[in-house]
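The listed protein sequences derive, respectively, from chains A and B.
So the first sequence is numbered by our numbering: it starts at 1 and just counts up by one.
So the second sequence is numbered by our numbering: it starts at 128 and just counts up by one.
Every residue, glycine too, gets a C-beta built ideally from N, C-alpha and C.
For clarity, every value in this text was computed on a predicted model and none was experimentally measured.
Report on the structure given below.
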Amino acid sequence: MNFQIDIGGFIALYIFMVTAFAGWVIIGRVPAILHTPLMSGSNFVHGIIVVGGIFTLLNATTPLEQAIGFIAVLLGAGNVAGGFAVTQRMLAMFKTSGHAAEHHAKHARPGKRAKPTAVKAIKAKKA
Amino acid sequence: MLVTISQAIVGSIDLMAAFLLMFGLWRMSSPVTAPSGILVAGIGMLAAILASFLYVFSVAAAARSHLPMNIGLAGGALVLGVGVAWWGGRKVAITAMPQAVALFNGMGGGAAASIAAVELFGLKTHGAIPLTVTLLGALIGSISLSGSIIAWAKLDALLKKPLHLRGLQVFNGVVLLVALCVGGYIVLTTSTALTQVLPVPQLIEIFFGISLMYGVLMTLPIGGADMPVVISVYNAFTGLAVGLEGFVLQNPALMIAGMLVGAAGLLLTMLMAKAMNRSVAKILFMSFGPGAKRKRGAIKGSLKPVQASDAGIFMRYAKSVIICPGYGLAVSQGQGKLYDFVKLLQAAGVSVKFAIHPVAGRMPGQMDVLLAEAGVPYDLIVQLADINEEFKTTDVALVIGANDTVNPEARTDKTSPIFGMPILNADQAKKCYVIKRGNGNGYAGIVNPLFYADNTYMVYGDASAVCVAMAEAIRGLGAPAAAA
């Protein structure tokens with residue numbers, strides 16, 4: 001068995017095409033209210049370049065390659081960690097109004113009364 | 128054997144990681160599922176990073192003797208980079224989010240460019256196509272790095288004025304052309320027996336130098352309200368660079384993640400451009416020049432200043448209020464004070480909503496995040512298209528630190544630089560209060576007729592201070608009024 005990955009020119013184009021399409025569709029669903037977290041989230045996603053940096057640094061043979069490889073990993077790691085920290089912080093702030101939830105609960109059928117407690121539970125978790 | 132096993136493990140973990148990153152972004156389509164989305168993506172990323180250390184089993188023979196040193200370097204860089212950026216990302220103020228995102232984005236571009244540099248200087252890529260792709264990734268990554276740093280400096284107010292120079296756009300075009308020529312020459316000279324004018328390493332140095340310079344030159348003339356587009360473009364650029372370097376390194380996870388972000392950035396860029404009714408090319412290559420300033424005098428009416436307390440009390444007795452926040456609110460850090468005021472209005476039975484223009488602030492959606500930080504529930508935050516009809520039936524429109532996004536000229540005046548841009552219909556409300564620091568114009572440098580309209584009143588002062596004063600005025604009415 002051979003697990004060496006070998007991507008030729010056309011296969012690469014296919015991968016790029018399908019992914020670009022998927023990206024377009026996925027991002028098109030995101031409401032405008034989340035555009036800042038989305039941008040910082042996708043900023044985090046391209047931080048995966050750190051994996052390429054590690055690969056490059058491990059294969060370095062000269063001091064110059066080691067120095068540039070070190071910078072690559074350093075910057076990539078910064079991209080990943082910073083992107084994640086910032087995105088997670090922003091998303092944790094978005095909450096719905098308890099006021100509105102209670103309003104819904106008042107008008108809901110008796111069977112649906114679980115809602116306000118669920119909202120409270122989520123709020124308690126965040127606090 | 129060890130090589131095969133490690134490759135199989137890395138391969139399957141990267142496959143899973145690529146899926147989790149996509150799935151994580153998919154879950155970002157609603158504020159309810161988004162927090163778990165970033166967590167899912169984070170798990171995928173962590174797994175991919177840890178698995179990448181299994182590459183030690185399959186390094187090239189030449190690098191084997193350097194392995195202990197390289198592992199140490201990689202671990203050190205990882206710990207240092209993660210540590211500093213994590214600390215920075217946790218500490219940065221929410222109002223400084225556009226700067227932070229620009230900076231982290233530049234880091235990604237720099238990492239992609241560095242990888243390309245190792246490939247190029249080490250002569251590791253062979254053949255015209257891989258070499259071209261490496262150079263393209265290097266070019267885009269470098270532009271993203273230096274451009275993002277300039278964008279960060281601008282957003283952080285280290286660079287104040289956009290640079291307007293005659294012929295700068297032409298000069299930039301020439302610089303880009305030179306970079307492409309040098310790149311093309313590197314490909315030719317290394318893949319054919321063409322005579323070398325300069326040794327290849329030197330050519331590569333020149334190539335990186337020009338690319339970095341182009342990023343700086345391209346970003347310097349852009350400023351203010353066009354910043355959301357710039358950040359979005361560089362995000363797409365870094366994604367593209369990552370995808371291209373992923374191909375060079377034969378790593379499909381990098382290709383997928385990079386291209387995903389490239390497509391996302393492109394879509395967001397186009398949405399922003401559409402919201403401003405300007406083309407992406409115009410924003411990047413043509414700035415609002417001095418020519419945008421036109422003669423005034425056609426505007427009827429006068430500016431009518433009122434006290435913050437009067438405005439606050441008037442809104443207390445209104446039925447409905449729509450608030451249109453802009454960048455001025457972020458500058459004065461007044462979001463918390465604003466929500467305190469809003470809570471007093473709500474307690475008095477006033478219906479309050481927030482209307483968000485797509486390009487309000489310095490980053491797409493920045494106002495939404497700012498209000499979320501203050502604790503405003505997101506069901507009170509309404510986007511332009513969904514709320515614009517409501518202004519007609521609303522008692523008060525409260526404009527805070529916004530200008531061009533509420534300028535009715537965009538609807539009527541064909542000669543206006545913002546003509547055709549969708550705006551918030553604040554002028555259609557029965558009464559309009561505008562909180563503003565002074566009489567200055569907006570970023571586009573045009574006078575706003577809304578401020579002179581008969582039903583508009585100006586409240587001068589820092590947004591934060593005015594919100595406090597308005598809240599004080601309502602509290603000053605005392606308990607009997609609140610009970611009424």
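Problem - Whole beta strand (DSSP E) elements within the segment 477-536 of chain B, 3-residue minimum - result: 478-483, 508-510 and 523-527
Exercise for the section: Inspect the beta-carbon positions of P158(B) and I33(A) and report whether they are closer than 8 Å. Expected result: In the second sequence, the residue the question calls residue 158(B) occupies position 31. In the first sequence, the residue the question calls residue 33(A) occupies position 33. Yes, they are a contact pair.
Handout entry: the segment 188-202 of chain B / the segment 64-72 of chain A touching (three or more Cβ pairs under 8 Å)
Key = yes
Problem - Residue from N534(B), A384(B), N232(B) and N378(B) with nearest C-alpha to F21(A) - result: Start at 1 with the first residue of the first sequence, and residue 21(A) comes out as number 21. Nearest C-alpha to F21(A): A384(B).
Practice task
Could you confirm whether any beta carbon from chain B is found closer than 8 Å to the beta carbon of F10(A)?
Solution key: Here residue 10(A) is taken as the residue at index 10 of the first sequence, counted from 1. With 8 Å as the cut-off, F10(A) does not count as an interface residue toward chain B.
Practice task
Leaving out five residues on either side along the sequence, give the residues of the same chain with a beta carbon under 6 Å from the beta carbon of H484(B).
Solution key: Stepping through the second sequence from its first residue, residue 484(B) is reached at position 357. Excluding sequence neighbours, H484(B) sits near L511, T532 and L551.
Problem - Secondary structure of S179(B), DSSP reduced to three states - result: Sequence index remark: in the second sequence, residue 179(B) carries index 52 (1-based). Here S179(B) sits in helix by DSSP.
Exercise for the section: Report buried or exposed for G83(A), applying the criterion of at least 16 other Cβ atoms within 10 angstroms of its Cβ. Expected result: Reading the first sequence from its first residue, position 83 is the one you call residue 83(A). Taking every protein chain shown into account, the CB of G83(A) has 16 or more other CB atoms within 10 angstroms, so this residue is buried.
Practice task
Leaving aside the five residues before and after G294(B) along the sequence, list all residues of the same chain whose C-beta is less than 7 Å from its C-beta, in chain order.
Solution key: Mapped onto the second sequence, residue 294(B) falls at position 167. Contacts found: none.
Exercise for the section: Taking A244(B) as the query, report the chain A residues whose CB atoms sit under 7 Å from its CB, ordered along the chain. Expected result: The residue given as residue 244(B) occupies position 117 in the second sequence. Here the neighbours are I68.
Practice task
Could you say which of V45(A), M90(A) and Y14(A) lies nearest to L152(B) if we only look at CA atoms?
Solution key: Numbered from 1 along the second sequence, position 25 holds the residue referred to as residue 152(B). Considering only alpha carbons, the answer is V45(A).
Exercise for the section: Tell me whether the beta-carbon of M93(A) lies closer than 8 Å to the beta-carbon of A499(B). Expected result: The residue labelled residue 93(A) in the question sits at position 93 within the first sequence. The residue labelled residue 499(B) in the question sits at position 372 within the second sequence. Yes. Within cutoff.
Handout entry: Whole-angstrom distance between I49(A) and G171(B), CA atom to CA atom
Key = Indexing the second sequence from 1 puts residue 171(B) at position 44. Indexing the first sequence from 1 puts residue 49(A) at position 49. One C-alpha to the other measures close to 13 Å.
Exercise for the section: Alpha carbon to alpha carbon, how far is Q493(B) from V356(B)? Give it in angstroms, no decimals. Expected result: In the second sequence, residue 356(B) corresponds to position 229, counting from 1. In the second sequence, residue 493(B) corresponds to position 366, counting from 1. Each residue's Cα considered, the two are about 13 Å apart.
Exercise for the section: State yes or no: is the C-beta of R29(A) within less than 8 Å of the C-beta of S156(B)? Expected result: What you label residue 29(A) is simply residue 29 of the first sequence in a count that begins at 1. What you label residue 156(B) is simply residue 29 of the second sequence in a count that begins at 1. In contact: R29(A) and S156(B) (Cβ atoms closer than 8 Å).
Problem - Contact with chain A by D531(B), beta-carbon distance below 8 Å - result: In the second sequence, counting from the first residue as 1, residue 531(B) sits at position 404. Closer than 8 Å: no.
Problem - Sub-8 Å separation of P491(B) and P535(B) beta-carbons - result: The count along the second sequence starts at 1 and reaches residue 491(B) at position 364. The count along the second sequence starts at 1 and reaches residue 535(B) at position 408. For P491(B) and P535(B), no; Cβs fall outside 8 Å.
Handout entry: Selection of the segment 488-502 of chain B by Cβ proximity to chain A, strictly under 7 Å
Key = M490, P491, G492, Q493, D495, V496, A499 and E500
Exercise for the section: Just tell me which of G311(B), A168(B) and F180(B) has its CA closest to the CA of V80(A). Expected result: Here residue 80(A) refers to the residue found at position 80 when the first sequence is read from its first residue. With distances taken between Cα atoms, V80(A) lies closest to A168(B).
Handout entry: Contact set for M41(A): own chain, Cβ-Cβ below 7 Å, skip 5 residues either direction
Key = Reading the first sequence from its first residue, position 41 is the one you call residue 41(A). Note on identity: in this sequence residue 41(A) is Gly, with Met being the wrong assignment. Around G41(A), the same chain offers T87 as residues with beta carbons nearer than 7 Å, after the five sequence neighbours per side are excluded.
Exercise for the section: Measure the C-alpha to C-alpha separation of I440(B) and A524(B) and round it to an integer number of angstroms. Expected result: Residue numbering aside, residue 440(B) sits at position 313 when the second sequence is read from its first letter. Residue numbering aside, residue 524(B) sits at position 397 when the second sequence is read from its first letter. I440(B) and A524(B): Cα-Cα distance of roughly 14 Å.
Problem - Length of the line joining the Cα atoms of Y560(B) and K401(B) - result: Counting from one through the second sequence, the residue named residue 560(B) turns up at place 433. Counting from one through the second sequence, the residue named residue 401(B) turns up at place 274. Y560(B) and K401(B) have their alpha carbons spaced roughly 28 Å apart.
Practice task
Quick one: residues in its chain with C-beta nearer than 7 Å to the C-beta of A239(B), no 5 flanking neighbours on either side, listed in chain order?
Solution key: Position 112 of the second sequence holds residue 239(B). Within the same chain, A239(B) has close Cβ partners G264, G268, T365, A368, V369 and E372.
Exercise for the section: Flag L387(B) as yes if its beta-carbon sits less than 8 Å from any beta-carbon of chain A, otherwise no. Expected result: For the purposes of this step, residue 387(B) is taken as residue 260 along the second sequence, with counting starting at 1. Closer than 8 Å to some Cβ of chain A, the Cβ of L387(B) qualifies, so yes.
Problem - Short Cβ contact (8 Å threshold) for A278(B) with T346(B) - result: As a first step, residue 278(B) is located in the second sequence; it is residue number 151 there, counting from the start. As a first step, residue 346(B) is located in the second sequence; it is residue number 219 there, counting from the start. Yes, Cβ-Cβ distance for A278(B) and T346(B) is below 8 Å.
Exercise for the section: At 9 Å on the CB atoms, spell out the chain A contacts of M279(B), in chain order. Expected result: As a working note, residue 279(B) is residue 152 in the second sequence. Position check: residue 279(B) holds Trp in this sequence, whereas Met was assumed. Per Cβ cutoff of 9 Å: no residues; W279(B) is ~12 Å from chain A at best.
Handout entry: Local conformation of T583(B) per DSSP, three classes
Key = For the purposes of this step, residue 583(B) is identified with residue 456 of the second sequence, where counting begins at 1. The answer is strand: DSSP assigns T583(B) an E or B state.
Exercise for the section: Helix, strand or coil for S543(B), going by three-state DSSP, please let me know. Expected result: If you number the second sequence from 1, residue 543(B) lands on position 416. Coil.
Problem - Whole-angstrom distance between L75(A) and Q4(A), CA atom to CA atom - result: Position 4 of the first sequence, counting from 1, holds the residue named residue 4(A). Position 75 of the first sequence, counting from 1, holds the residue named residue 75(A). Here the C-alpha atom of Q4(A) lies approximately 27 Å from the C-alpha atom of L75(A).
Exercise for the section: For the alpha helix (DSSP H) holding P452(B), just list the boundary residues, first then last. Expected result: As a position in the second sequence, residue 452(B) is number 325, starting the count at 1. Going by DSSP, P452(B) is part of no alpha helix (DSSP H) but of the beta strand (DSSP E) stretching over S447 to P452.
Problem - Contacting positions in the segment 134-148 of chain B - beta carbon closer than 7 Å to chain A - result: Q134, A135, G138 and L148
Problem - Span separating the alpha-carbon of V183(B) from that of V211(B) - result: Mapped onto the second sequence, residue 183(B) falls at position 56. Mapped onto the second sequence, residue 211(B) falls at position 84. V183(B) and V211(B): Cα-Cα distance of roughly 26 Å.
Exercise for the section: May I ask which residues mark the beginning and end of the beta strand (DSSP E) holding Y560(B)? Expected result: Sequence index remark: in the second sequence, residue 560(B) carries index 433 (1-based). Note, Y560(B): beta strand (DSSP E), K558 to K563.
Practice task
With DSSP as the reference, label P31(A) as helix, strand or coil.
Solution key: In the first sequence, the residue the question calls residue 31(A) occupies position 31. For P31(A), the three-state secondary structure derived from DSSP is coil.
Practice task
Could you tell me whether the segment 330-349 of chain B touches the segment 299-318 of chain B, where touching means 3 or more Cβ pairs closer than 8 Å?
Solution key: Yes, the segment 330-349 of chain B touches the segment 299-318 of chain B.
Problem - Contacts of L207(B) in chain A (Cβ-Cβ under 8 Å) - result: On the second sequence, position 80 is the one that residue 207(B) refers to. L74 and A77, listed in chain order.
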